[in-house]
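Only one structure is covered here, and it is reproduced in the block below.
2 protein chains.
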Amino acid sequence: MSTHTTAPAREKLLEAAGRLFYAGGMTATGIDTITTEAGVAKKSLYNNFRSKEDLTLAYLEARHREWLDLYQHRLAQASTPDQRVLAVVDAYLDHARLPYDRGFRGCGLLNAAAELPAGSPGREAVRRHKEEVEALLAGHLAEAQAADPQGTAEHLAFLLEGAMSRAGLEGSDERLVRARQIAAHLVCRR
Amino acid sequence: MSTHTTAPAREKLLEAAGRLFYAGGMTATGIDTITTEAGVAKKSLYNNFRSKEDLTLAYLEARHREWLDLYQHRLAQASTPDQRVLAVVDAYLDHARLPYDRGFRGCGLLNAAAELPAGSPGREAVRRHKEEVEALLAGHLAEAQAADPQGTAEHLAFLLEGAMSRAGLEGSDERLVRARQIAAHLVCRR
DNA sequence: CATGGTAGGTAGACTGATCTACCTACTACG
DNA sequence: CGTAGTAGGTAGATCAGTCTACCTACCATG
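So the sequence lines, in the order shown, correspond to chains A and B.
Mapping to the numbering used here: the first sequence position 119 is 119, numbers consecutive.
Mapping to the numbering used here: the second sequence position 173 is 173, numbers consecutive.
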């Protein structure tokens, strides 16, 4: 049974779109470029996605799950609540260290949001993702008996987000390494 | 003397491009939309700018100067080093509270950078802007005899940048208000 | 087993709109 | 006259999306 059963074309499209959207932006990346890069017929794109916007939403979902995977992996290796807080930070570091076609350019979800109009479904998805990350931080901080889990989670979320943006502008993970130090300092002698 | 002496067309173009680029992104905003919105002939765009990319660079420069103006205004009202640190934060708040066509959408420079390829002149300009803000913070912190001006400036810069992004996603200045509280806490009982 | 339907793939032409950029021709003003 | 503005046409590429026509592979049924 070497059958593909359900759409290998869809996977190829998501892979190519993932690379191209991240490196060059969603608006600037055309349909033809994506199908060519995926080695797939244009019809296959519209067999699997209703429109380009639909593909961008799938792209956002894929980036969301990708981050969750990095986080889960780090979480499995953490044995204390403090380490679980830092697992979130390490997931960001792992993200920055993934290989990219034309270099690390910051958070793919935030970059995508910058191209989406206010109130659009995609932008809302990014907003929910960031809120989920903050909630994860708050959970681990509560477990660690932190004085103000919500407030500290927000502080850490801002710190991470800002460091990620700066790291993206500089094409390096250095800023995130510094953010991890600051975060560890905040968590351990709270 | 109703004379325009030097190019009111240029100003009209920068004003229209400012609104349209911020609200809808640079790539998605076409030349014709800009000239129509500016009430200006297409030729006037190419009289004043070499290309669309040249216009985007002018847009970035304008956003940079706009932020510096907000900051200078806040700085003039600050009488202590601690207040001067918070003047930087307040400039971000002022930015979020400016009127926008389709709502506040975060830092225009960072949004623009998300559309620019790694290593491009525009992206480098945004990077330099962020470094300048951090240097301003470091200067005021040193003046305030802070223990680690550089490190604290970086911490505050991350905090601000992250809060700005979250505020943009939510279309509200609330996150920045929280960031100001955190910053004040960090600065005053450092 | 044979056959025909279904699902999803391929290549690529095509439409109508829009993109950047340049151009002509005319106008207002110092 | 020269400069910078106006209106708008045009070239040539590219955009998203639809379509035809053909090609498998799987599956259910007579």
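Glycine residues also receive a C-beta, built at the ideal position from the N, C-alpha and C atoms.
Keep in mind the model is a prediction, meaning the values are calculated, not measured.
query                                                                                                                                                                                        : result
Residues of the segment 127 to 140 of chain B with a CB closer than 8 angstroms to any CB of chain A: list them in chain order, please.                                                      : 127, 130
Quick one: which chain A residues come within Cβ less than 7 angstroms of residue 165 (chain B)?                                                                                             : 110, 161, 165
Which residues in the same chain as residue 156 (chain B) place their Cβ atom closer than 6 angstroms to its Cβ, once the five residues preceding and following it in sequence are excluded? : 137, 183
According to DSSP, is residue 90 (chain B) helix, strand or coil?                                                                                                                            : helix
Sorted by chain position, which residues of the same chain lie with C-beta nearer than 6 angstroms to residue 38 (chain A)'s C-beta, five sequence neighbours on each side aside?            : 12, 13, 16
What residues from the segment 146 to 157 of chain B come within 7 angstroms of chain A, judged by C-beta to C-beta, listed N to C?                                                          : 154, 155, 157
Would you grab the beta carbon distance between residue 126 (chain A) and residue 112 (chain A) for me? Rounded to a whole angstrom, and I think it's under 8 angstroms.                     : 7 angstroms
The segment 88 to 106 of chain B: which residues have C-beta closer than 7 angstroms to a C-beta of chain A, in chain order?                                                                 : 102, 103, 105
Would you mind working out which of B:174, B:47, B:72 sits nearest residue 133 (chain B), comparing C-alpha positions?                                                                       : B:72
Helix or strand or just coil, what does DSSP make of residue 166 (chain B)?                                                                                                                  : helix
When Cβ atoms are compared, which residues of the segment 12 to 37 of chain B fall closer than 9 angstroms to chain A?                                                                       : 23, 24, 25, 26, 27, 28
Tell me which residue opens and which closes the alpha helix (DSSP H) that residue 14 (chain A) is part of.                                                                                  : 8 to 24
Below 7 angstroms CB to CB, which residues in the same chain sit around residue 22 (chain A) once its five sequence neighbours on both sides are set aside?                                  : 100, 105, 108
Determine the closest residue to residue 131 (chain A) out of B:166, B:176, B:91, B:81, with distance taken between C-alpha atoms.                                                           : B:166
Going by C-alpha distance, which of A:64, A:19, A:42 is nearest residue 191 (chain A)?                                                                                                       : Chain A is shown from 1 up to 190; residue 191 (chain A) falls before or after that span and cannot be answered.
Which whole-angstrom value is the C-beta distance of residue 78 (chain A) and residue 84 (chain A), which I expect to be below 8 angstroms?                                                  : 5 angstroms
For residue 50 (chain B), count the other beta carbons within 10 Å of its own beta carbon; 16 or more makes it buried, fewer makes it exposed. Which is it?                                  : exposed
Since residue 113 (chain A) meets chain B, which of its residues come closer than 7 angstroms, beta carbon to beta carbon?                                                                   : 169
Alpha carbon to alpha carbon, how far is residue 153 (chain B) from residue 135 (chain B)? Give it in angstroms, no decimals.                                                                : 7 angstroms
In this structure, does DSSP put residue 1 (chain B) in helix, strand or coil?                                                                                                               : Because the pLDDT of residue 1 (chain B) is 33, which lies under 50, any placement of that residue in the model is unreliable, and the number read from its coordinates should be weighed accordingly. Coil, per DSSP.
Between residue 117 (chain B) and chain A, is there a C-beta pair that is closer than 9 angstroms?                                                                                           : yes
Return helix, strand or coil for residue 201 (chain B), following the three-state DSSP convention.                                                                                           : Residue 201 (chain B) falls outside the range modelled here, since chain B spans only 1 to 190, and no answer is possible.
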